[in-house]
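Engineer: If you scroll down you'll find the structure; I have some questions about it.
Residue numbers (this note's numbering), protein chains in the order written: chain W, 1 to 93; chain C, 94 to 408.
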C-alpha cells in the first residue's frame, strides 16, 4: 500500500518538482529506500551511504520525529503521512 | 516579600499553575510553569544572565564590552536587559519578519538590531551572526546555541524549581529551540527519576526554510549534540500553527495569557496526556502574550491568524 511522502522545497527538484510523492513500503526504512531508488537524485540527501538517516534530515511519521519512535524500523500504515524536513535552528530563541 | 536590590534578582523562581481543566485525560494532571513572569518577559532571561555571568567569570567581558547574538527575539531581549544593567553594548541579529513588539523591546534596553533575511528564519540569523563575529574579533560572541551556560541555567534553576514544586512529575514538555531548556531540565529530572519522560515540541519549518539552498545548510545546535540530546529526548513532535493558536486561546479561557509557543507546548502536553494512562505533566510557558498582540492571535479569525503565522516568526 503506497503512502504519501511530503518533500521539502530543497529536495523537490530531485523529484521532478513534486511536493508529494506516493511510495510503497511497510516501514520508514523501506519507504525511504524505495524513494531514493525511484529518484536517484535524492540518494545521499536523505540516506547516507551506510543506509542511515542523513544528519540534517528529520523524518516525521504524521507529527512525530521517527528518530524517537523506532527510527527506520518504524512501521507505516496506509493512512499515515510521512514528511521529510531539513534540520533548522528555531524555537523561542 | 523583600525589596530586591536589582531587577536581575527577579530572574527565575517562576510560579506553576494547574491547568488540568484543559487535560484530555482526567487521570493526567497538567501544570504550566509561567516563565513570562521573568522581568524581561521570558524564560530567556535565565540564560541571558547565565551566559553573561559565565563570560564575566571567564574574564571575557571588559567594562563596556560589545556583544553580538543571533536571536528571533527572547534571548535578545533578555540579553539587552542584562547588558543594559551591566553596562555592555549588545547587537542582536534578528530575522526581518519577527513581530514588531520584539524590535521595540530591544530598543527599550538599547540593543542595536541587525536584520537577517526573513526567508532564512533563525538559521539565517545564526549564519549572519557567525560571519559578523568572525569579521569583528573585538565583539564577544556568546552564542546561545553552543554555550554550556545555556542548559546549565536550566539544570541549576528551572529543573530544581520544577522538582521542588511538582515532586511527582512524570513527563516534561517544552519547545525545542536551542534545546537548552530540554537538555538542562531533562537531565536534572532524569537524574532524580530515570522514568521521567522528556517530550520536545517544535513548530513546522514550512516556508521558513525556503531560503535553504541545500540540506548541508541544515543546523543542529552544538549543545544538543555535545550533551547527548538525541539520547535524552523520548519523543519529538511537530505542532502546527493552527493547533498552537487554538491552544493559546484555550489557555486564555483558564486565565493564562501566554505566547503562541506556549500554545504549541500545551498541544504537545495534550497529546502526551492522551497517550498515557495517568501521570503529572509539567509544561513550559516560555513567555506571556504581550509580544503577540499585533498578530491578532486572540481576536482575529482563526484562518486569518493562521495565514499570517506562515509569514511571521511567532516562536
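Note that beta-carbon positions come from the ideal geometry of N, C-alpha and C, so glycine has one too.
The structure displayed is predicted, hence computed values, not measured ones.
Quick check: the region 252-264 of chain C against the region 361-376 of chain C, are there 3 or more CB pairs under 8 Å?
Structural biologist: These segments touch.
Engineer: Is the separation between the beta-carbon of residue 387(C) and that of residue 192(C) shorter than 9 Å?
Structural biologist: One-based indexing of the second chain puts residue 387(C) at position 294. One-based indexing of the second chain puts residue 192(C) at position 99. Contact: yes.
Engineer: On the DSSP bridge list, what partners appear for residue 65(W)?
Structural biologist: The sequence position of residue 65(W) within the first chain is 65, counting from 1. Answer is 60(W), bridged to residue 65(W).
Engineer: For the alpha helix (DSSP H) containing residue 198(C), name the first residue and the last one.
Structural biologist: Here residue 198(C) refers to the residue found at position 105 when the second chain is read from its first residue. Per DSSP, residue 198(C) belongs to the alpha helix (DSSP H) from 193-201.
Engineer: So residue 344(C) packs on residue 330(C), CB below 8 Å; how close in whole Å?
Structural biologist: As a position in the second chain, residue 344(C) is number 251, starting the count at 1. As a position in the second chain, residue 330(C) is number 237, starting the count at 1. Actually they are not in contact, since the Cβ atoms of residue 344(C) and residue 330(C) sit about 18 Å apart, beyond 8 Å.
Engineer: Just checking my contact of residue 210(C) with residue 217(C) at CB under 8 Å: how many whole Å lie between their CB atoms?
Structural biologist: Indexing the second chain from 1 puts residue 210(C) at position 117. Indexing the second chain from 1 puts residue 217(C) at position 124. Sure, about 5 Å apart at Cβ, within 8 Å.
Engineer: Between residue 183(C) and chain W, is the shortest Cβ-Cβ distance under 9 Å, so that the two count as touching?
Structural biologist: As a working mapping, residue 183(C) is identified with position 90 in the second chain. So, not an interface residue.
Engineer: Measuring only the C-alpha atoms, how far is residue 277(C) from residue 33(W)?
Structural biologist: The residue labelled residue 277(C) in the question sits at position 184 within the second chain. The residue labelled residue 33(W) in the question sits at position 33 within the first chain. Each residue's Cα considered, the two are about 36 Å apart.
Engineer: Please list the terminal residues of the continuous beta strand (DSSP E) segment that includes residue 175(C).
Structural biologist: As a working note, residue 175(C) is residue 82 in the second chain. No beta strand (DSSP E) contains residue 175(C), which is instead part of the alpha helix (DSSP H) from 167-179.
Engineer: Taking the alpha carbon of residue 30(W) as the point to measure from, which residue in 76(W), 69(W), 14(W) has its own alpha carbon closest?
Structural biologist: Numbered from 1 along the first chain, position 30 holds the residue referred to as residue 30(W). Measuring from the Cα of residue 30(W), the nearest candidate turns out to be 76(W).
Engineer: Which residues does DSSP pair with residue 290(C) in a beta bridge?
Structural biologist: Position 197 of the second chain, counting from 1, holds the residue named residue 290(C). In the DSSP output, where bridge partners are listed per residue, residue 290(C) has 264(C).
Engineer: Assuming the contact rule is C-beta atoms closer than 8 Å, residue 325(C) and residue 285(C) should be a hit. Round their C-beta distance to whole Å, please.
Structural biologist: By one-based count along the second chain, residue 325(C) stands at place 232. By one-based count along the second chain, residue 285(C) stands at place 192. That pair is no contact at about 14 Å.
Engineer: For a contact defined as C-beta to C-beta under 7 Å, what are the partners of residue 87(W) on chain C?
Structural biologist: In the first chain, counting from the first residue as 1, residue 87(W) sits at position 87. Simply 311, 312, 313.
Engineer: For residue 67(W), would you say it is in contact with chain C, using Cβ-to-Cβ distances shorter than 9 Å as the test?
Structural biologist: Along the first chain, one-based indexing puts residue 67(W) at 67. So, interface residue.
Engineer: If I follow the unbroken beta strand (DSSP E) through residue 333(C), where does it start and stop?
Structural biologist: Here residue 333(C) corresponds to residue number 240 of the second chain, with the count starting at 1. It is not in any beta strand (DSSP E) - residue 333(C) carries neither H nor E in the DSSP assignment.
Engineer: Less than 9 Å separating the beta-carbons of residue 138(C) and residue 171(C)?
Structural biologist: Taking the first residue of the second chain as position 1, residue 138(C) is located at position 45. Taking the first residue of the second chain as position 1, residue 171(C) is located at position 78. Cβ distance < 9 Å, so residue 138(C) and residue 171(C) count as in contact.
Engineer: Between residue 82(W) and residue 11(W), is the Cβ-Cβ spacing less than 9 Å?
Structural biologist: One-based indexing of the first chain puts residue 82(W) at position 82. One-based indexing of the first chain puts residue 11(W) at position 11. No. Outside cutoff.
Engineer: Within its chain, find whatever has a CB closer than 6 Å to the CB of residue 363(C); leave out the 5 residues flanking it on each side and keep chain order.
Structural biologist: Mapped onto the second chain, residue 363(C) falls at position 270. These residues qualify, in order along the chain: 117.
Engineer: On a CA-only basis, which of 26(W), 86(W), 23(W), 39(W) is nearest residue 53(W)? Give me that one, please.
Structural biologist: Walking along the first chain from the start, residue 53(W) turns up at place 53. Cα-wise, what sits closest to residue 53(W) is 86(W).
Engineer: Using DSSP with H/G/I as helix, E/B as strand and the rest coil, what is residue 271(C)?
Structural biologist: Here residue 271(C) refers to the residue found at position 178 of the second chain. Three-state result, residue 271(C): coil.
Engineer: Name the residue from 359(C), 381(C), 245(C) whose alpha carbon lies nearest to the alpha carbon of residue 128(C).
Structural biologist: The residue labelled residue 128(C) in the question sits at position 35 within the second chain. Ranking 359(C), 381(C), 245(C) by Cα distance to residue 128(C) puts 381(C) first.
Engineer: Skipping 5 residues on each side, what residues in its chain have a beta carbon closer than 7 Å to that of residue 385(C)?
Structural biologist: Numbered from its first residue, the second chain carries residue 385(C) at position 292. Excluding residues within five positions, the ones whose Cβ falls inside 7 Å are 192, 352, 353, 407.
Engineer: With residue 315(C) as the anchor, note down where its alpha helix (DSSP H) starts and where it stops.
Structural biologist: Residue numbering aside, residue 315(C) sits at position 222 when the second chain is read from its first letter. Unbroken alpha helix (DSSP H) run through residue 315(C): 315-319.
Engineer: Return the chain-ordered list of same chain residues with a C-beta closer than 8 Å to the C-beta of residue 80(W), the five sequence neighbours on each side being excluded.
Structural biologist: Counting from 1 along the first chain, the entry for residue 80(W) is found at position 80. So the qualifying residues of the chain are 3, 61, 62.
Engineer: Is the beta carbon of residue 291(C) less than 9 Å from the beta carbon of residue 360(C)?
Structural biologist: Residue mapping note: residue 291(C) aligns to position 198 of the second chain, counting from 1. Residue mapping note: residue 360(C) aligns to position 267 of the second chain, counting from 1. Not closer than 9 Å, so no.
Engineer: With a 10 Å radius around its C-beta and 16 neighbouring C-beta atoms as the bar for buried, classify residue 13(W) as buried or exposed.
Structural biologist: As a working note, residue 13(W) is residue 13 in the first chain. Exposed, by the Cβ-count rule.
Engineer: Go ahead and pull the three-state DSSP assignment for residue 80(W).
Structural biologist: Counting from one through the first chain, the residue named residue 80(W) turns up at place 80. In the structure shown, residue 80(W) sits in coil (DSSP, three-state: anything other than H, G, I, E or B).
Engineer: Just to check my reading of the structure: residue 135(C) and residue 315(C) have Cβ atoms closer than 8 Å, yes? What is that Cβ distance to the nearest angstrom?
Structural biologist: Looking up residue 135(C) in the second chain gives position 42. Looking up residue 315(C) in the second chain gives position 222. About 22 Å; that fails the 8 Å criterion.
Engineer: Check each candidate in 155(C), 145(C), 105(C) and name the one with the smallest Cα separation from residue 162(C).
Structural biologist: Indexing the second chain from 1 puts residue 162(C) at position 69. Of 155(C), 145(C), 105(C), the residue nearest in Cα terms is 145(C).
Engineer: By the criterion of Cβ-Cβ separation under 8 Å, what are the contact partners of residue 327(C) in chain W?
Structural biologist: Translated into positions along the second chain, residue 327(C) becomes position 234. Within 8 Å Cβ-Cβ: 68.
Engineer: Please state the DSSP three-state secondary structure of residue 396(C).
Structural biologist: Residue 396(C) sits at position 303 when you count from the first residue of the second chain. If DSSP states are grouped into helix, strand and coil, residue 396(C) belongs with the helices.
Engineer: Name the two residues that bound the continuous alpha helix (DSSP H) containing residue 33(W).
Structural biologist: Working through the first chain from its first residue, we reach residue 33(W) at position 33. Taken as a continuous stretch (DSSP letters only), the alpha helix (DSSP H) holding residue 33(W) covers 28-38.
Engineer: Run through chain C and tell me which residues come within less than 8 Å of residue 73(W), C-beta to C-beta.
Structural biologist: As a working note, residue 73(W) is residue 73 in the first chain. Chain C residues near residue 73(W): none, gap ~16 Å exceeds 8 Å.
Engineer: Quickly, what does DSSP pair residue 162(C) with across the bridge? List them, please.
Structural biologist: Along the second chain, one-based indexing puts residue 162(C) at 69. 185(C), per the DSSP bridge assignment.
Engineer: Using the Cβ count rule (16 or more neighbours within 10 Å means buried), how would you classify residue 197(C)?
Structural biologist: Position 104 of the second chain, counted from the start, is the residue given in the question as residue 197(C). Residue 197(C) is exposed by the Cβ-count criterion.
Engineer: Checking contacts by CB at 9 Å: is residue 76(W) closer than that to chain C?
Structural biologist: For this step, residue 76(W) is matched to residue 76 along the first chain. Not an interface residue.
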